[in-house]
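J.:
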Amino acid sequence: MGTIRELKKIPLSVRIRQQENSGEEENLMDKFVIRGGNPLVGNIRISGAKNAALPAMAAAILTEEPVILENIPDVRDIQTERKLLVSMGAEVELGYGRASHRTTISCRNLSSPEAAYEVVKTMRASTLVLGPLVARMGRARVSLPGGCAIGARPIDLHIKGLEKLGATITQEHGYIEAAAERLRGGLISFDKITVTGTEDLMMAATLAEGETVMENCAREPEVADLAALLNKMGANIEGAGTSIIRIMGVSKLHGARHRIIPDRIEAGTFLIAGALTGGDITLTSCDPAHLGALLHKLEECGVTVQPGTDTLRITNGHRLHAADLTTEEYPGFPTDMQAQYMTLATQAEGTSVVTENIFENRFMHAQELVRMGANIKVDGRRAVVHGFTPLSAAAVQCSDLRASASLVIAALVADGETIIDRVYHIDRGYERIEEKLRGVGAQIKRIGEILPKRTAAPVGAA
Ligand code: EPU
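Right under this line is the structure:
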């Protein structure tokens, strides 16, 4: 806590303002070129969880004091959230050098409690500011997200929950406006399990008057991590990580320092890459306890994974067996690992039926995998994958974050050089994936635009 007090004395400057837009547009044309065939051998350090860092950053809105977050991944979605908070008047400092994974957020003077369409359309998790803004500022104006590549993804449950806490909600011109002098505790029973919905309303309830009980909550580790941060900030939350969460509202929250949990989806992605390439990879700084369903499934496919306290070693030198998969809310098999698993299924002996239960349109990767030689038939929420089919390099295109990861993994075992376009999708949630993969022996290169931009007319031209 001493550090926070010290920080309060120093006015935070947004030192990175000059970087506001740098690096944001320039890699939109980037592609990966991957030559398959190398077994991956060595260690990979797992970054902090994007999906825990995003709500943690939004939680800083709940207090006037600085919140210091460590183990923040260096990914594009974090940059987007920083921009969003800055647009509201927050001071957000991202560390440099050895402190590059730390951010300090001060929301002392929030001038504009608004999340504009331009930001929300690029990152749906922007809606996480809705609850904290109403709770602390008494009002919020947040753009409705609209559809997205993996499904409709409405936010009706966030809205219903806020109404249960006494907020008045109006909807106009594509925006939700929420207002409440002070939220009051209530009973929220989610019709459907929602991760960011649980997080949004848990944050809102911390400053409500009285007790809130939330039923049918998401049990993801990211929800529990957010509750841990909020409790450090002075909130009174019990039960996060189970389906019933109780929150006793307090009148004020204070600053805190918190370390974000490791990214279980990044870890899972590298585990599947290791299993497929027949290598020997050790993941460090990860939490095997968060990966139960995936480890169980890999075992079923015949892969050996050795968990340590914060490490996971994967070795595989033999053919994989097919196994059916159904995505479920945590602790079930994560939808965010379904695409990567589908790539694995293309290389397993036998037929795997993959059922996607969380999002209605999350099979965009299947057609790209088919272009690389996979035998996959999609029928609604089910995909039937007939393995084993050798994969051959092709030009493919990313459609969303996890679909992109499945294509990278496929390219690592394909014959020839695969070119993956639109890798900005992968940059949203994987920290320098190409460097991490190169470090364990993959042949992967990022390339920008092939032709340089024409900046000025050539000298002497008419
Ligand atoms: N849903 C509703 N109404 C709502 C909210 C959700 O009908 O108000 C539905 C959704 O349409 C979906 C289901 O409920 O069918 C579950 O959606 P959820 O709200 O749990 O998803 P989310 O909170 O928007 C988070 C992750 C996603 C991850 C899902 C499911 C973050 C920032 N995002 O999204 O992560 O896939 O939970 O686990 O935490 C990713 O990282 O690639 C990613 C998409």
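Take the sequence shown: its position 82, counting from 1, is numbered 1558 in my numbering, and each next residue is one higher. The C-beta atom is built at its ideal place from N, Cα and C for all residues, glycine as well.
#1: In the DSSP assignment, find the unbroken alpha helix (DSSP H) run with Lys-1597 in it and report its ends.
#2: Between the Cα of Val-1872 and those of Glu-1687, Asp-1897, Leu-1609, spot the shortest distance and give me the residue it belongs to.
#3: Within its chain, find whatever has a CB closer than 7 angstroms to the CB of Arg-1551; leave out the 5 residues flanking it on each side and keep chain order.
#4: Does Arg-1735 come out as helix, strand or coil in the three-state DSSP assignment?
#5: Comparing alpha-carbon positions, which option in Ile-1885, Met-1533, Ser-1719, Ala-1628 lies nearest Ala-1751?
#6: Below 8 angstroms on the Cβ atoms is my guess for Ala-1591 versus Val-1618; work out the distance and round it to an integer in Å.
#7: Assuming Leu-1545 and Ile-1736 form a contact by the criterion Cβ under 8 angstroms, report the distance between their Cβ atoms to the nearest whole angstrom.
#8: Specify the secondary structure class of Gly-1478 as computed by DSSP and reduced to three states.
#9: Consult DSSP for Ala-1703 and reduce its assignment to one of helix, strand or coil.
#10: Taking the alpha-carbon positions, what's the Val-1726 to Val-1899 distance?
#11: Going by DSSP, name the residue or residues bridged to Tyr-1651.
#12: Do three or more CB pairs link the region 1821 to 1829 to the region 1858 to 1871 at distances below 8 angstroms?
#13: Comparing C-alpha positions only, which one of Leu-1641, Val-1830, Arg-1584, Asp-1800 sits nearest to Glu-1776?
#14: Flag this pair as yes or no: are the beta carbons of Leu-1442 and Phe-1746 separated by less than 9 angstroms?
#15: Do you know offhand how far Glu-1541's Cα is from Leu-1729's?
#16: At which residue ranges does the region 1526 to 1584 contain complete beta strand (DSSP E) runs of 3 or more residues, listed in the order of the chain?
#17: Restricting to runs no shorter than 3 residues, where is the beta strand (DSSP E) found entirely within the region 1804 to 1861?
#18: Does DSSP put Arg-1511 in a helix, in a strand, or in coil?
#19: For the structure I just gave you, are there three or more beta carbon pairs, one from the region 1840 to 1855 and one from the region 1782 to 1789, closer than 8 angstroms?
#20: Assuming contact is defined by CB atoms lying nearer than 9 angstroms, are Ile-1723 and Gly-1637 in contact in what I supplied?
#21: Does DSSP put Gly-1499 in a helix, in a strand, or in coil?
#22: Just verifying my parser: in three-state terms, what is the DSSP assignment at Ser-1665?
#23: Along the chain, where does the alpha helix (DSSP H) containing Glu-1910 start, and where does it finish?
#24: Could you tell me the alpha carbon to alpha carbon distance between Pro-1697 and Met-1678, rounded to whole angstroms?
#25: Less than 8 angstroms between the CB atoms is what I'm expecting for Thr-1819 and Ser-1868, so what's the real figure, rounded?
#26: What's the call for Ile-1720, buried or exposed, on a 16-neighbour Cβ count within 10 Å?
#27: Just tell me which of Asn-1547, Met-1599, Val-1889 has its CA closest to the CA of Thr-1579.
#28: With respect to the beta strand (DSSP E) encompassing Arg-1789, which residues constitute its N-terminal and C-terminal limits?
#29: Starting from Arg-1612, follow the alpha helix (DSSP H) in both directions and report where the run begins and ends.
#30: Would you identify the three-state DSSP class for Val-1779, choosing helix, strand or coil?
T.: In this structure, then:
#1: Here residue 1597 refers to the residue found at position 121 when the sequence shown is read from its first residue. No alpha helix (DSSP H) holds Lys-1597; DSSP gives it neither H nor E.
#2: Translated into the one-based positions of the sequence shown, residue 1872 becomes position 396. Nearest option by C-alpha distance: Asp-1897.
#3: On the sequence shown, residue 1551 is found 75 positions in, with the first residue counted as 1. Per the sequence shown, the amino acid found at residue 1551 is Val instead of Arg. So the list reads Lys-1526, Asp-1903, Arg-1904, Gly-1905, Tyr-1906, Glu-1907, once near-sequence residues are dropped.
#4: Here residue 1735 refers to the residue found at position 259 of the sequence shown. DSSP places Arg-1735 in strand when its eight states are reduced to three.
#5: Counting from 1 along the sequence shown, the entry for residue 1751 is found at position 275. It is Ile-1885 whose Cα lies nearest to the Cα of Ala-1751.
#6: For the purposes of this step, residue 1591 is identified with residue 115 of the sequence shown, where counting begins at 1. For the purposes of this step, residue 1618 is identified with residue 142 of the sequence shown, where counting begins at 1. With 8 angstroms as the limit, Ala-1591 and Val-1618 qualify as a contact, their Cβ atoms being about 4 angstroms apart.
#7: The residue given as residue 1545 occupies position 69 in the sequence shown. The residue given as residue 1736 occupies position 260 in the sequence shown. Leu-1545 to Ile-1736, Cβ: 6 angstroms. Contact.
#8: Mapped onto the sequence shown, residue 1478 falls at position 2. Confidence at Gly-1478 is low in this model, with a pLDDT of 37, below 50, so the placement of that residue should be treated as unreliable; the coordinate-derived value is given next. Gly-1478: helix per DSSP, three-state reduction.
#9: Translated into the one-based positions of the sequence shown, residue 1703 becomes position 227. The answer is helix: DSSP assigns Ala-1703 an H, G or I state.
#10: Position 250 of the sequence shown holds residue 1726. Position 423 of the sequence shown holds residue 1899. Cα to Cα, the separation comes out at about 44 angstroms.
#11: As a working note, residue 1651 is residue 175 in the sequence shown. Ser-1619, Glu-1648, per the DSSP bridge assignment.
#12: yes
#13: As a first step, residue 1776 is located in the sequence shown; it is residue number 300 there, counting from the start. Comparing Cα-Cα distances from Glu-1776 to each of Leu-1641, Val-1830, Arg-1584, Asp-1800, the minimum goes to Asp-1800.
#14: Limits of the chain in this structure are 1477 at one end and 1938 at the other, which puts residue 1442 out of reach.
#15: As a first step, residue 1541 is located in the sequence shown; it is residue number 65 there, counting from the start. As a first step, residue 1729 is located in the sequence shown; it is residue number 253 there, counting from the start. Taking the straight line joining both Cα atoms gives about 8 angstroms.
#16: 1543 to 1546, 1567 to 1570, 1579 to 1582
#17: 1824 to 1831, 1851 to 1855
#18: Stepping through the sequence shown from its first residue, residue 1511 is reached at position 35. Of the three classes helix, strand and coil, the one that applies to Arg-1511 here is strand, per DSSP.
#19: no
#20: In the sequence shown, residue 1723 corresponds to position 247, counting from 1. In the sequence shown, residue 1637 corresponds to position 161, counting from 1. It is not a contact, given that the beta carbons lie outside the stated cut-off.
#21: Counting from one through the sequence shown, the residue named residue 1499 turns up at place 23. Note that Gly-1499 scores 42 on pLDDT, short of 50, meaning its location in the model is unreliable; the coordinates nonetheless yield the value given after this. In the structure shown, Gly-1499 sits in coil (DSSP, three-state: anything other than H, G, I, E or B).
#22: Sequence index remark: in the sequence shown, residue 1665 carries index 189 (1-based). Strand, per DSSP.
#23: For the purposes of this step, residue 1910 is identified with residue 434 of the sequence shown, where counting begins at 1. Residues 1909 to 1915.
#24: By one-based count along the sequence shown, residue 1697 stands at place 221. By one-based count along the sequence shown, residue 1678 stands at place 202. Straight-line Cα distance between these residues: approximately 14 angstroms.
#25: For the purposes of this step, residue 1819 is taken as residue 343 along the sequence shown, with counting starting at 1. For the purposes of this step, residue 1868 is taken as residue 392 along the sequence shown, with counting starting at 1. Rounded, the Cβ-Cβ distance is 14 angstroms, inconsistent with contact.
#26: If you number the sequence shown from 1, residue 1720 lands on position 244. So Ile-1720 counts as exposed.
#27: By one-based count along the sequence shown, residue 1579 stands at place 103. Ranking Asn-1547, Met-1599, Val-1889 by Cα distance to Thr-1579 puts Asn-1547 first.
#28: Numbered from its first residue, the sequence shown carries residue 1789 at position 313. From DSSP, the beta strand (DSSP E) with Arg-1789 extends over 1788 to 1791.
#29: Numbered from 1 along the sequence shown, position 136 holds the residue referred to as residue 1612. Its alpha helix (DSSP H) spans residues 1606 to 1613.
#30: Here the question's residue 1779 lines up with position 303 in the sequence shown. If DSSP states are grouped into helix, strand and coil, Val-1779 belongs with coil.
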